[in-house]
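Visitor: Residue numbering for the sequence shown follows full-length UniProt numbering, starting at 1 and increasing by one per position. Take a look at this one; I'll ask things after.
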Amino acid sequence: MIDPSRTSHPSPPAGTATLPPDVPLDPDLLTPAVVHLGVRGLQHAYHAVHVDDLAQRRVSTDWGLVRVELLPPGTALDLDLLRRREVLTDPPREVTVLTDHVCLTGGSEEQLALLAAPSTRLVLVDVDVDGEVDDPLARVAVGYLVGALARRRAAGHRPFTALSCAAAPRNGSRLREAVLALAGDVDDGLAAWIGEHGAFPNSVCDPCLPGESGCPRWVVEDDFADGRPPLDRVGVRFVPSTVPHELLRTRLHDGAHDALAVAAAAAGARTAGAALAVPGVREFLEGFLAEAAQQVLGVPADELDEYRAAVLARLAADPGREPHVPGPERFRADVLPSLRQAVDHDGPRERLVQALAGWLLATGGPGGAADLLRRHHDVLGTLADEPHLPAELQRALHVLTPSSPTPAEFS
């Protein structure tokens with residue numbers, strides 16, 4: 001739950017340059033306040049472009065970017081990677097980085113001091129972190145955050161905002177869980193302080209919708225511990241909750257990719273372009289998106305329409321791509337929740353059921369509806385026990401099985 005009283009919006013930046021936009025900005029005018037903590041370089045760090053835009057567009061010089069690159073133990077130092085400050089936007093964009101730091105192992109005093117400095121107000125965590133912290137680099141990143149927050153608490157400073165940029169649902173919540181777990185192992189008082197005063201906003205970087213500066217749209221929860229950078233003035237969208245936008249990404253964007261893959265498998269098509277050329281497949285995808293969109297609450301209808309059109313355009317933009325039928329975990333995350341809600345609310349679900357039928361055929365082999373549901377009970381959960389689903393699934397199977405004269409019967 002976001003505490004509005006904790007979100008502190010910065011006062012107008014007195015240090016903002018007044019130079020015209022066509023005059024290069026002197027990096028010495030920037031205050032180092034943002035640390036990019038990452039493991040993959042800056043090639044896909046679209047969030048770094050937005051931070052750089054604050055200075056380049058003369059919005060504020062109070063949020064200069066510092067980079068900390070974490071390298072796995074035993075990894076050779078890639079100086080070329082370190083020197084590259086180009087983000088692969090369209091067109092590519094070089095961002096202003098005040099200083100670069102490389103950490104070959106955990107516990108570096110220099111990096112801890114940087115994060116603990118009161119001037120550091122925002123840490124962009126470009127590392128995949130979940131609550132279990134299984135990945136060694138994730139453990140190093142979380143260890144840095146906890147160590148720096150402990151120093152800030154001891155010095156009487158406010159915690160920084162730790163903004164996860166991982167491509168995962170509830171990325172900020174996962175990061176918070178991992179930080180609190182490690183902090184609790186160190187000091188219960190530290191964990192309580194972080195839990196009360198820290199901020200770990202969730203964020204979504206959606207490649208389906210264009211933002212500004214050639215970047216995908218970046219949506220961030222409005223929850224900051226030590227001042228909020230005016231990123232909304234350079235195209236970032238602040239929202240009370242990212243949940244609706246996460247559902248757009250998983251259920252429509254990712255779900256449509258899954259649906260295209262099972263349609264391609266059913267039609268015997270090897271590429272996205274070949275699948276979309278099969279009569280009925282495009283109509284199937286349009287129906288799938290319409291049914292899935294009905295289960296996404298909190299997004300205006302016009303935005304849903306825009307998003308559905310963008311997904312279809314994205315699917316058609318790479319005709320040579322080879323769709324791959326998703327595994328159980330992904331299908332369960334992308335498609336089954338929409339079907340579950342449609343069943344619960346007796347909503348339209350013909351295309352959702354067809355997507356399920358195609359996936360069952362592609363992964364489970366031949367068989368009747370009841371047999372397929374029984375064999376996939378561990379994936380389907382309570383859906384496998386729905387009394388009306390076998391008949392609906394059997395109708396969908398009749399469309400998809402070889403008894404259908406042509407792939408056109410996908411419609």
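Ideal placement from N, C-alpha and C gives every residue a C-beta, glycine not left out.
1) Is there contact here, the stretch 181-200 with the stretch 132-151, by at least three beta-carbon pairs under 8 Å?
2) What's the call for D128, buried or exposed, on a 16-neighbour Cβ count within 10 Å?
3) Quick test of the definition: if touching needs 3 or more C-beta pairs under 8 Å, does the stretch 54-62 touch the stretch 229-236?
4) DSSP three-state label for residue 417, please.
5) Rounded to a whole number of angstroms, what is the C-alpha to C-alpha distance between L175 and L400?
6) What would DSSP say about T250, mapped onto helix, strand or coil?
7) Out of V379, A310, T382 and E350, point me to the one whose CA is closest to R395's CA.
8) Which word fits E110, buried or exposed, when buried means at least 16 other C-beta atoms lie within 10 angstroms of its C-beta?
9) If we cut at 7 Å on Cβ distances, does Q394 have a partner in chain B?
10) Over what stretch of residues does the beta strand (DSSP E) that includes W218 continue unbroken?
11) Suppose you measure from the CA of P4 to the CA of A391; what does that come to, to the nearest Å?
12) Go to L42, then tell me how far its alpha helix (DSSP H) extends in each direction, as first and last residue.
13) Starting from R349, follow the beta strand (DSSP E) in both directions and report where the run begins and ends.
14) Count the other C-beta atoms from every protein chain shown that fall within 10 angstroms of the C-beta of E246, then say buried if there are 16 or more, exposed otherwise.
15) Roughly how many angstroms separate the alpha carbons of D302 and A309, rounded to a whole number?
16) May I have the straight-line CA-CA distance separating A355 from L112, to the nearest angstrom?
17) Measuring only the C-alpha atoms, how far is A154 from R332?
18) Do you know offhand how far E286's Cα is from L312's?
19) How big is the Cα-Cα spacing for A316 and P279?
20) Do you know how far the Cα of R249 is from the Cα of residue 434?
21) Taking the alpha carbon of G64 as the reference point, which residue from A384, L98, A264 and A141 has its own alpha carbon closest?
22) According to DSSP, simplified to helix, strand and coil, what is L383?
23) Near D305, what residues of its chain come up, given a Cβ to Cβ distance below 6 Å and the 5 sequence neighbours on each side ignored?
24) Please classify S119: does DSSP put it in a helix, a strand, or coil?
25) For G184, does the three-state DSSP call read helix, strand or coil?
26) From this set, A259, R237 and S203, which residue's C-alpha is nearest A168's C-alpha?
27) Please list, in chain order, all residues of the same chain as P323 whose beta carbon is under 6 Å from its beta carbon, the five residues on each side excluded.
28) Report yes if the CB atom of V95 is closer than 7 Å to the CB atom of D26, and no otherwise.
29) Can you name, in chain order, every residue of its own chain whose Cβ lies under 7 Å from the Cβ of G358, other than the five neighbours on each side?
30) Run through DSSP, which three-state label would S338 get?
31) Does DSSP classify L70 as helix, strand or coil?
32) Span of the alpha helix (DSSP H) holding R237?
33) The beta strand (DSSP E) spanning A162 covers which residue range?
34) Buried or exposed for A277, going by 16 or more other Cβ atoms inside 10 Å?
35) Would you mind working out which of P348, G347 and P337 sits nearest V379, comparing C-alpha positions?
36) Once the 5 residues before and after A225 are set aside, which same chain residues still bring their CB inside 7 Å of it?
Guide: Once the coordinates are examined:
1) Contact holds: three or more Cβ-Cβ distances are below 8 Å.
2) So D128 counts as buried.
3) Contact annotation: the stretch 54-62 touches the stretch 229-236, with at least three C-beta pairs closer than 8 Å.
4) Outside the displayed range of the chain (1 to 411) lies residue 417, so it cannot be described from this structure.
5) Computed Cα separation, rounded: 42 Å.
6) Reduced to three states, the DSSP call for T250 is helix.
7) Comparing Cα-Cα distances from R395 to each of V379, A310, T382 and E350, the minimum goes to E350.
8) Exposed, by the Cβ-count rule.
9) Considering every chain present, this structure includes no chain B. It has just one protein chain.
10) In the DSSP assignment, W218 falls within the beta strand (DSSP E) that extends over P216 to E221.
11) For P4, the predicted model reports a pLDDT of 36, less than 50, meaning its position is unreliable and no value from the coordinates is stated.
12) L42 -> no alpha helix (DSSP H), and no H or E assigned at all.
13) Under the DSSP assignment, R349 falls outside any beta strand (DSSP E); it carries neither an H nor an E label.
14) That one is buried.
15) Cα-Cα distance, rounded: 11 Å.
16) Counting only the Cα atoms, L112 lies some 49 Å from A355.
17) So the two alpha carbons sit approximately 45 Å from each other.
18) Rounded to the nearest angstrom, the two C-alpha atoms are 8 Å apart.
19) Each residue's CA atom was taken as its position, placing A316 and P279 some 15 Å apart.
20) Here the chain comprises residues numbered 1 to 411, so residue 434 is not present and cannot be evaluated.
21) Across the set A384, L98, A264 and A141, the C-alpha of L98 shows the shortest separation from the C-alpha of G64.
22) Looking at L383 - three-state DSSP - the assignment turns out to be helix.
23) Closer than 6 Å at Cβ, skipping near neighbours: no residue.
24) Collapsing the DSSP output to three states places S119 in coil.
25) Correct three-state label for G184: helix.
26) Ranked by how close their Cα comes to the Cα of A168, the residues A259, R237 and S203 have S203 in first place.
27) Within the same chain, Cβ atoms closer than 6 Å to the Cβ of P323 are found at L260, A261, A264 and A272, the five residues on either side in sequence being excluded.
28) Their beta carbons are not under 7 Å apart, which means V95 does not touch D26 by this criterion.
29) Counting only Cβ-Cβ distances below 7 Å, and skipping sequence neighbours, we find V262, A263, A265, A266 and L400.
30) In the three-state reduction of the DSSP assignment, S338 falls in the helix class, which pools H, G and I.
31) Strand.
32) That residue, R237, is in no alpha helix (DSSP H); its beta strand (DSSP E) goes R237 to V239.
33) That run of the beta strand (DSSP E) goes T161 to S164.
34) By the Cβ neighbour-count rule, A277 is exposed, with fewer than 16 other Cβ atoms within 10 Å of its own.
35) Here the closest residue by C-alpha is P337.
36) Once the five neighbours on either side are set aside, the close Cβ partners of A225 are R6, R158, P159, F160, T161, H197, G198 and A199.
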